[in-house]
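S.K.: Sharing a structure here in structure tokens format.
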Amino acid sequence: DAGITQSPRHKVTETGTPVTLRCHQTENHRYMYWYRQDPGHGLRLIHYSYGVKDTDKGEVSDGYSVSRSKTEDFLLTLESATSSQTSVYFCATRQDRGSVNTEAFFGQGTRLTVV
Amino acid sequence: KQEVTQIPAALSVPEGENLVLNCSFTDSAIYNLQWFRQDPGKGLTSLLLIQSSQREQTSGRLNASLDKSSGRSTLYIAASQPGDSATYLCAVNSGGYNKLIFGAGTRLAVHP
Chain U
39 DAGITQSPRH KVTETGTPVT LRCHQTENHR YMYWYRQDPG HGLRLIHYSY
89 GVKDTDKGEV SDGYSVSRSK TEDFLLTLES ATSSQTSVYF CATRQDRGSV
139 NTEAFFGQGT RLTVV
Chain R
18 KQEVTQIPAA LSVPEGENLV LNCSFTDSAI YNLQWFRQDP GKGLTSLLLI
68 QSSQREQTSG RLNASLDKSS GRSTLYIAAS QPGDSATYLC AVNSGGYNKL
118 IFGAGTRLAV HP
């Protein structure tokens with residue numbers, strides 16, 4: 039799993055509250071990503087980072103923000119949680135070897151339930 | 018917009034069968050394609066990465082092929098075992114910053 043730790047692993051929160059998920063990696067990989075996985079949709083990209091303080095939006099970024107102040111940490115914040123954000127969230131990393139042909143490695147996921 | 022489709026959505030086979038999982042994508046301008054395995058409640062494990070210039074990649078009982086011009090990839094599993102039961106996902110890398118576009122997966126059950 040390339041030394042990727044997601045926390046928390048499970049969380050139940052109430053509608054309207056802010057929530058922050060953490061991804062921590064020990065591989066010094068340049069690229070980091072947040073995906074969500076929902077039945078019938080596969081994984082969809084929320085936000086990604088290509089370096090410290092360098093982030094951009096993915097396909098389903100509305101209602102989410104991210105921050106990356108250190109190489110090893112990538113935080114995903116749900117500004118005001120809604121029931122539609124109930125999902126399993128995965129963090130991924132990828133090494134920069136000057137090539138596009140490097141594998142992506144995934145964390146174990148965070149199951150978030152918004153009630 | 019790149020779209021990735023996996024067929025079938027679910028597959029159940031007896032142990033020992035050779036099987037093929039299919040993945041198709043709409044835009045042939047890809048850098049590479051990656052196959053993953055996901056066990057229930059777990060993260061994704063990378064199985065194989067095929068570069069756009071390659072036709073095949075092999076790892077043990079797994080063989081992945083890529084036909085970029087037709088927008089197709091297959092994952093061949095030889096002599097299937099109950100331990101192969103999992104969901105298999107394919108993902109294409111066709112944009113900047115190595116972002117992946119995923120299919121919805123094929124859920125495989127291999128029964129003894």
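Protein chains in written order, with the numbering used here: chain U, 39 to 153; chain R, 18 to 129.
All residues carry an ideal CB built from backbone N, CA and C; glycine is no exception.
From the DSSP output, in three-state form, read off Asn35 of chain R for me.
M.R.: Coil.
S.K.: For the putative contact between Phe53 of chain R and Gln19 of chain R, defined by C-beta atoms under 8 Å, what is the C-beta separation to the nearest angstrom?
M.R.: Their Cβ separation, rounded to whole angstroms, is 17 Å, which puts Phe53 of chain R and Gln19 of chain R out of contact at 8 Å.
S.K.: Would you report the Cα separation of Ala119 of chain U and Gly101 of chain U, rounded to the nearest angstrom?
M.R.: For Ala119 of chain U and Gly101 of chain U, the distance between alpha carbons rounds to 8 Å.
S.K.: Pull the bridge partners of Thr151 of chain U from the DSSP assignment, please.
M.R.: According to DSSP, Thr151 of chain U bridges with U:Val50.
S.K.: Restricting to Cα atoms, I'd like to know which of U:Asn66, U:Asn139, U:Tyr73, U:His67 is closest to Leu114 of chain U.
M.R.: The residue with the shortest Cα to Cα distance from Leu114 of chain U is U:Tyr73.
S.K.: Can Gln51 of chain R and Ser69 of chain R be called in contact, C-beta distance under 8 Å?
M.R.: No, Cβ-Cβ distance for Gln51 of chain R and Ser69 of chain R is not below 8 Å.
S.K.: By a C-beta neighbour count over all protein chains shown, 10 Å radius and 16 as the cutoff for buried, is Arg132 of chain U buried or exposed?
M.R.: With 16 or more other Cβ atoms within 10 Å, it is buried.
S.K.: Leaving out the 5 sequence neighbours to the left and right, which residues in its chain are closer than 7 Å to Gln98 of chain R when beta-carbon positions are compared?
M.R.: Within the same chain, Gln98 of chain R has close Cβ partners Glu32, Val127.
S.K.: Closest by CA to Ser86 of chain R, which one among R:Gln23, R:Val37, R:Tyr48, R:Ala27?
M.R.: Checked all of R:Gln23, R:Val37, R:Tyr48, R:Ala27; the closest Cα to Ser86 of chain R is R:Tyr48.
S.K.: What residues in the region 37 to 53 of chain R have a beta carbon less than 9 Å from any beta carbon of chain U?
M.R.: So the list reads Tyr48, Asn49, Gln51, Phe53, given in the order they occur along the chain.
S.K.: Measuring alpha carbon to alpha carbon, tell me which of R:Ala121, R:Leu83, R:Gly60 ends up nearest Leu66 of chain R.
M.R.: Ranking R:Ala121, R:Leu83, R:Gly60 by Cα distance to Leu66 of chain R puts R:Leu83 first.
S.K.: Just to make sure I have the definition right: I need the residues of chain U whose C-beta is within less than 9 Å of the C-beta of Lys85 of chain R. Which are they?
M.R.: Neighbours of Lys85 of chain R on chain U: none; closest Cβ ~14 Å, over 9 Å.
S.K.: Along the chain, where does the beta strand (DSSP E) that runs through Tyr69 of chain U open and close?
M.R.: 69 to 76 is the span of the beta strand (DSSP E), which, as asked, contains Tyr69 of chain U.
S.K.: Taking 8 Å as the limit between beta carbons, can you name the residues of its chain near Leu28 of chain R, skipping five residues before and five after?
M.R.: Result list for Leu28 of chain R: Leu36, Leu38, Thr123, Arg124, Leu125, Ala126, in chain order.
S.K.: Ser8 of chain R CB to nearest chain U CB: under 8 Å?
M.R.: Because chain R is modelled from 18 through 129, residue 8 of chain R falls outside the range shown and cannot be assessed.
S.K.: Val152 of chain U touches chain R at which residues, Cβ-Cβ below 9 Å?
M.R.: Simply none; closest approach about 19 Å.
S.K.: Name the residue from U:Arg135, U:Glu110, U:Asp76 whose alpha carbon lies nearest to the alpha carbon of Cys61 of chain U.
M.R.: The option with the nearest alpha carbon to Cys61 of chain U is U:Glu110.
S.K.: Specify the secondary structure class of Asp84 of chain R as computed by DSSP and reduced to three states.
M.R.: Strand.
S.K.: Can you name the residues that DSSP bridges to Ser41 of chain R?
M.R.: Paired residue(s): R:Thr22, R:Arg89.
S.K.: Determine, for Glu110 of chain U, whether the minimum Cβ-Cβ distance to residues of chain R falls below 8 Å.
M.R.: Chain R contact via Cβ: absent.
S.K.: Apart from the five residues just before and just after Met70 of chain U, which ones in its own chain have a Cβ nearer than 6 Å to its Cβ?
M.R.: Excluding positions up to five away in sequence, the list reads Ser87, Phe112, Thr131.
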